[in-house]
Amino acid sequence: MDKVVVVSLHRTATQSTTDFLKDLGYNACHWGGYILGQEIVENYDLNPKDFKEKFYNILEEYDAISDCPFNIMYEYFDKKYDKCKFILITRDFASWALSVKKLYSVVKNNKFNLIDRMQYWEYLKNKPESIFDCSDDDLKYVYDNHIKNVKDYFKNKNNFFEIEMKNIGSGYEIAKFLNKENIFNDFKITFKNVDFVNKRISNLHS
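All the letters of the sequence shown, read from the start, carry residue numbers 366 to 571 under our numbering.
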């Protein structure tokens, strides 16, 4: 089975995509915090750079990974694994920024945890500690540059697939990219407030 890395920014249906990949038969991991554990993830004195190497072998344990910090490690995984496919799911900037702010409004001290700092500090050199240390221009910079960097890196590569979160039938298109479309029947998956007409493995209900 090919490896799969979802290189989308967080808050772009990464959890739903992970669940969808599990339905496809992948042993999938969403978010690197589950690997390190809560005590490390919520230690705000630690430097994210010291932990990136902890994920170098994550695809030896899992078939598919999504969210932070895997979304900024695509070049490493692409070079390490010959049979690895990459999926970028996008949403419009305004709804993404609103979702991010809503997420951190209920987080203790509104601070980025260790894992999420890996994503934001990849692009913001002032290393903000909180979402509310980021201006709208900062968030737009993260959003624009992440998408641009990913697309530039995978230009002319055939192991990359991009789709917008709002697209009807996105699940089927992802399954097709992964060569899984032939084992699916109709199923409806909800990605937060957006409905997708997708496909699900037929033998789940047989």
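For each residue, glycine too, the CB sits at the ideal point set by N, CA and C.
Check                                                                                                                                        : Outcome
Let me confirm a value: Ala378 is counted as buried when at least 16 other C-beta atoms fall within 10 Å, else exposed. Which label applies? : buried
Have a look at the DSSP bridge pairing and note the partners of Val371.                                                                      : Ser431 and Ile452
Using 7 Å as the threshold, is the C-beta distance between His375 and Thr383 below it?                                                       : no
Hey, out of Arg482, Phe420 and Ser431, whose CA is closest to Asp410's CA?                                                                   : Arg482
Looking at the structure shown, is Phe458 part of a helix, part of a strand, or coil, going by DSSP?                                         : helix
Three Cβ pairs or more, each shorter than 8 Å: is that satisfied between the region 519-528 and the region 450-461?                          : yes
Would the beta-carbon of Glu487 fall within 7 Å of that of Lys476?                                                                           : no
May I ask you to verify whether the region 457-477 touches the region 534-542, counting CB pairs closer than 8 Å and requiring at least 3?   : no
How about Val370 and Phe442: are their beta carbons less than 7 Å apart?                                                                     : yes
Would you tell me roughly how many angstroms separate the C-alpha atoms of Leu424 and Lys417, rounded to the nearest one?                    : 14 Å
Taking Phe525 as part of the beta strand (DSSP E), name the residues at either end of that continuous run.                                   : Phe525 to Glu529
Buried or exposed: Lys368, going by 16 or more other Cβ atoms within 10 Å of its Cβ?                                                         : buried
Between Lys513 and Tyr506, what straight-line distance do the alpha-carbon atoms span, to the nearest angstrom?                              : 10 Å
So, with DSSP's three-state summary, where would you put Ser495?                                                                             : strand
Are Leu489 and Ala462 close, meaning C-beta to C-beta below 7 Å?                                                                             : no
In terms of DSSP beta bridges, what is His395 paired with?                                                                                   : Ser431
With which residues is Lys476 paired in a DSSP beta bridge?                                                                                  : Ser495
So the candidates are Tyr537, Phe519 and Glu546; which of them puts its Cα closest to the Cα of Lys444?                                      : Phe519
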